[in-house]
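Some notes on the structure that comes next.
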Amino acid sequence: MGNKTDIELFKQKASQIRKDILTMLQEAGSGHTGGSLSLVEILISLYCYKLKHDPKNPDWSKRDRLILSKGHGCPALYAILADCGYFPKNELSTLRKYGSRLQGHPEKGISGVEASTGSLGQGLSIAIGMALSGRLDNRDNKVYCIMGDGETNEGQIWEAAMTAAHYKLDNLIGIIDHNKLQIDGPVKEVKNLEPYKEKWVAFGWKVTECDGHDFNSLIKALDWAYEVKDYPAMIIAHTVKGKGVSFMENDNKWHGVAPVKDELEKAFKELGEK
Amino acid sequence: MKSTRGGFGDALLEIGKLDEKVVVLSADLTESVRAGAFKASFPDRFFSFGVSEQDMISAAAGFALEGKIPFACTFGVFASGRPWDQIRISVAYMNLNVNIVGTHAGITVGPDGATHQALEEITLMRVLPNMTVIVPCDYYEAYKATKAAVNYPGPVYLRLTRNNVPFITNEDDEYKIGEAAVLKEGDDLTIIACGQMTSICLEAADILKQESISVRVINLHTVKPLDRNKILEAALETKAILTVEEHQVFGGMGSSIAEFVCENNPVPMKLMGIRDRFGRSGESDVLLEAFGLTSEHVVKEAKMLLEKKS
Chain R
1 MGNKTDIELF KQKASQIRKD ILTMLQEAGS GHTGGSLSLV EILISLYCYK LKHDPKNPDW
61 SKRDRLILSK GHGCPALYAI LADCGYFPKN ELSTLRKYGS RLQGHPEKGI SGVEASTGSL
121 GQGLSIAIGM ALSGRLDNRD NKVYCIMGDG ETNEGQIWEA AMTAAHYKLD NLIGIIDHNK
181 LQIDGPVKEV KNLEPYKEKW VAFGWKVTEC DGHDFNSLIK ALDWAYEVKD YPAMIIAHTV
241 KGKGVSFMEN DNKWHGVAPV KDELEKAFKE LGEK
Chain Z
1001 MKSTRGGFGD ALLEIGKLDE KVVVLSADLT ESVRAGAFKA SFPDRFFSFG VSEQDMISAA
1061 AGFALEGKIP FACTFGVFAS GRPWDQIRIS VAYMNLNVNI VGTHAGITVG PDGATHQALE
1121 EITLMRVLPN MTVIVPCDYY EAYKATKAAV NYPGPVYLRL TRNNVPFITN EDDEYKIGEA
1181 AVLKEGDDLT IIACGQMTSI CLEAADILKQ ESISVRVINL HTVKPLDRNK ILEAALETKA
1241 ILTVEEHQVF GGMGSSIAEF VCENNPVPMK LMGIRDRFGR SGESDVLLEA FGLTSEHVVK
1301 EAKMLLEKKS
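If you want it as structure tokens, here you go:
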């Protein structure tokens, strides 16, 4: 995997997933646009390259687990799960509507969703429980946990960071969607995280950074994390909030706002009408 | 006399032997919560989280998602309030078989004072959908409740106390989560209690009997789900209900009974417990007297309630 043809296909998929996300959000009339768009390449690298999983057998015990701790990014997760075949793609249009399985934040029970998340900071601890269970059962799999950068303001993340290092959880891989914006504004202004990589290193993790929109960079980071032994591994993926749509990029106004019809049309033009 | 936390600890060791899926998570209070024997016997299934209760609770959810049966243990104050949102989202929302064990409940914790006297857990836990809340009255009941929690669906909160309390149930009494026990039959009034208040209420019933007042005593070991039948019978047959708990009355066991009674068959009620104040340092017996939770106080309140009966 990771050859030129795959990368081209992944890029095409990224455009498609972005269009799915924007369409879902426009139909829902609300939701988290910016932080869904920043996740797209990360999720494609996982679901189409690195994860051991089987959409036809979502409860397969040896599958890799993925927890989307930044639950508000779920439009991206739903879009990729539907693309993989976990549930029919036409269900995406039910997002956030009464009677839909696709709740505003992910809910355990949707095929492919490992845990309910949305109250920030809890996913890494859930992943630790899964990773410790996997070790007890001698299971050869990985547990991935995707967090937001703003999410790591939560104290529980750092409790979990210590626990994962204490137990030398090399079957646990963290990924931070580091898009540098949170609701109130730039992460740096809301509560500065720097020195960020050094924090994770100090907490006992092996850490790498990558371009979270470049498939080669992501694949290299995921392959590296897979091989880390005796330490939990963290990938800080540098991303752009609202990535792919010029008028949404790097603008925290798009954190929790859905596009209206004409904004959707403008976005589609930028993403290619294929 | 033995403590309810002791009953839990002994049962934990037993279920550790019976079921390999049982894992124990602890937040630096392993001996205090009586999980030390389990730790010594099953070190691979014991997980220390340090003083990180939020992390511990969400991790317990992770274990449960993988089919393990976690018991997450610490003092009641740190098992309920501190990680409440983690219990709400990681545990209750997903309806996982996570057992949360909060020891050192109530003012009888004593000299440690208000910070360590958990008086709000029943309120905090029973408001969560899917949650079961159990407050055992003695060692045997704590032992049986722990064993019953293992395969009971959904999350369970077990409220336990530090101090030794009299045995009021027998080793071979049947125990079922959700089925309250009528410890004494009576017609004039019903006293419903949970935890160590149960033995105090039995004493009060004996005193009242000497004055020809016939009291029914119900041990409501499961505060949620309520045993609606036994409470409705009590309301219909004795027409007055006194509730006694070592817990805030606002939102606690008495409140849950009052909610049900007032919707179904209103009768005069009195709710005894801690009334909108924090605990204080002191020895257990001194505190029970200071907070009005002795058999003498129960007798007094029972008589006042009887006067309100039409």
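The listed protein sequences derive, respectively, from chains R and Z. Sequential numbering of the first sequence, starting at 1, is according to this note's numbering. Sequential numbering of the second sequence, starting at 1001, is according to this note's numbering. Glycine included, every Cβ here is placed at the ideal spot set by N, Cα and C. Nothing here was measured: the structure is a model prediction, and the numbers come from that model.
- Under a criterion of Cβ atoms nearer than 8 Å, no residue of chain R is adjacent to residue 1211 of chain Z; the nearest Cβ is some 54 Å distant.
- Residue 18 of chain R sits away from residue 39 of chain R, with the two beta carbons spaced by 8 Å or more.
- Between residue 1077 of chain Z and residue 1118 of chain Z a beta carbon distance of about 4 Å is seen, short of the 8 Å cut, so the two are scored as contacting.
- For the 8 Å CB-CB criterion, residue 68 of chain R and residue 117 of chain R form a contact.
- For residue 1137 of chain Z, the secondary structure class from DSSP, reduced to helix, strand or coil, is coil.
- When DSSP states are grouped into helix, strand and coil, residue 1272 of chain Z belongs to the strand group.
- 8 Å or more divides the Cβ of residue 55 of chain R from the Cβ of residue 74 of chain R.
- For residue 50 of chain R, the number of other beta carbons within 10 angstroms of its own is at least 16, and it is reported as buried.
- For residue 1032 of chain Z and residue 1109 of chain Z, the gap between their C-alpha atoms comes out near 12 Å.
- From the beta-carbon of residue 1081 of chain Z, no residue of chain R is found nearer than 7 Å; the closest lies around 15 Å away.
- Fewer than three pairs of CB atoms, one per stretch, sit closer than 8 Å, so the stretch 1287-1299 of chain Z makes no contact with the stretch 1260-1269 of chain Z.
- Contact fails between the stretch 1040-1050 of chain Z and the stretch 1203-1212 of chain Z, because fewer than three Cβ pairs, one in each stretch, are under 8 Å apart.
- Taking the CA atoms as reference points, residue 263 of chain R sits about 19 Å from residue 95 of chain R.
- Interface residue (Cβ-Cβ distance to chain Z less than 8 Å): residue 156 of chain R is classified as such.
- Listed by position along chain Z, the residues whose Cβ is nearer than 8 Å to that of residue 110 of chain R form an empty set, because the closest Cβ is around 12 Å away.
- Taking one beta carbon from each stretch, the stretch 1115-1133 of chain Z and the stretch 1147-1160 of chain Z have 3 or more pairs nearer than 8 Å; the two touch.
- DSSP places residue 66 of chain R in the strand class (E or B) of the three-state scheme.
- DSSP places residue 226 of chain R inside the alpha helix (DSSP H), whose first and last residues are 215-227.
- Secondary structure of residue 1029 of chain Z (DSSP, three-state): coil.
- By the rule that beta-carbons nearer than 8 Å mark a contact, residue 1065 of chain Z touches chain R.
- Going by beta carbons, residue 1034 of chain Z and residue 1008 of chain Z fall inside the 8 Å limit.
- In summary, residue 159 of chain R is buried, with 16 or more beta-carbon neighbours lying within 10 Å of its beta-carbon over all protein chains present.
- Look at residue 234 of chain R: its C-beta is not under 8 Å from any C-beta on chain Z.
- Looking from the CA of residue 213 of chain R, the closest CA among R:246, R:41 and R:23 belongs to R:41.
- Put simply, the backbone Cα of residue 1059 of chain Z is about 16 Å away from that of residue 1157 of chain Z.
- Among the residues facing chain Z, residue 45 of chain R is not included, as its CB has no counterpart in that chain under 8 Å away.
- In terms of CA proximity to residue 1193 of chain Z, Z:1241 leads the group Z:1111, Z:1241 and Z:1236.
- In this structure, residue 191 of chain R lies near residue 153 of chain R, with their beta-carbon atoms less than 8 Å apart.
- Contact annotation: residue 144 of chain R and residue 230 of chain R have beta-carbon atoms that are not nearer than 8 Å.
- Distance from residue 171 of chain R to residue 134 of chain R at the Cβ level is roughly 6 Å; contact confirmed, criterion being Cβ atoms closer than 8 Å.
- With its beta carbon less than 8 Å from one in chain R, residue 1094 of chain Z belongs to the interface.
- Here residue 13 of chain R is near residue 48 of chain R, since their CB atoms are less than 8 Å apart.
- Rounded to whole angstroms, the gap between the alpha carbons of residue 1085 of chain Z and residue 114 of chain R is 19 Å.
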